[in-house]
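Numbering (our numbering), first residue to last: 474 to 665.
All remarks here apply to the structure that follows.
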């Protein structure tokens, strides 16, 4: 019987994924500024990195597990839209991973494009929809009441997510994690 090593996660990869989920929970649920329907946190960077390091499936899984465990820890009801938004943070940037080779600038550009698209889908789309559904009442009115504050939150946090994700992805930590977990490491030999 032939084993397909490409689609298997070994123990080290699962440990790294678990560590990223734990870091996401700590950053999102404990080190957070809560402003009612708005939350200032950098926990999604852990989910973004899980997708960039281990692929979209791992990123989506880490986002889902982090959201579900976070809901249990805080006593929130699970909102499928917000869980999908958490998964989106790990999936969307990872879809650009095949394009992230060559110069450092090229990798940073594609990380930022992925984070930008994920933030639009997650923060402005799915999370705002989930909050509007959760608030009850007429959906359109609730959505329109939430969107100005969500736009402000998005405008503040999206550049921070881009900078942190890019800095961590182009750092030597990426080569270490990917080599340690048996994933093909990123080529950091080209400078620009």
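Cβ coordinates follow ideal geometry from the N, Cα and C atoms, glycine included.
By Cβ distance, which residues of its chain are closer than 8 Å to residue i, with the 5 residues on each side in sequence left out?
i           : result
residue 542 : 494 and 498
residue 589 : 631 and 635
residue 547 : 502
Sorted by chain position, which residues of the same chain lie with C-beta nearer than 6 Å to residue i's C-beta, five sequence neighbours on each side aside?
i           : result
residue 544 : 551
residue 638 : 518, 521, 584 and 588
Report the residue from the options whose alpha carbon sits nearest the alpha carbon of residue i.
i           : options               : result
residue 587 : 561, 547 and 612      : 561
residue 496 : 639, 650 and 535      : 535
residue 599 : 624, 633 and 559      : 559
residue 549 : 577, 530 and 604      : 604
residue 644 : 526, 501 and 504      : 526
residue 597 : 608, 616 and 580      : 616
residue 613 : 623, 622 and 602      : 602
residue 460 : 623, 492 and 507      : Any question about residue 460 goes unanswered here, given that the chain covers just 474 to 665.
residue 621 : 511, 607, 640 and 504 : 511
residue 580 : 485, 513 and 642      : 642
residue 530 : 567, 507, 651 and 508 : 567
residue 563 : 575, 504, 576 and 532 : 532
So is residue i buried or exposed if we call it buried at 16+ other beta carbons inside 10 Å?
i           : result
residue 489 : buried
residue 569 : buried
residue 628 : exposed
residue 653 : exposed
residue 555 : buried
residue 524 : buried
residue 573 : buried
Quick one: residues in its chain with C-beta nearer than 7 Å to the C-beta of residue i, no 5 flanking neighbours on either side, listed in chain order?
i           : result
residue 538 : 494
residue 565 : 587, 590, 591 and 594
residue 507 : none
residue 557 : 599
* Asked: Which parts of the segment 578–646 are runs of the alpha helix (DSSP H), unbroken and 4 residues or longer, counting only runs that do not cross its ends?
  -> 601–608 and 612–642
* Continuous alpha helix (DSSP H) assignments of at least 4 residues falling wholly in the segment 494–539 -> 517–527
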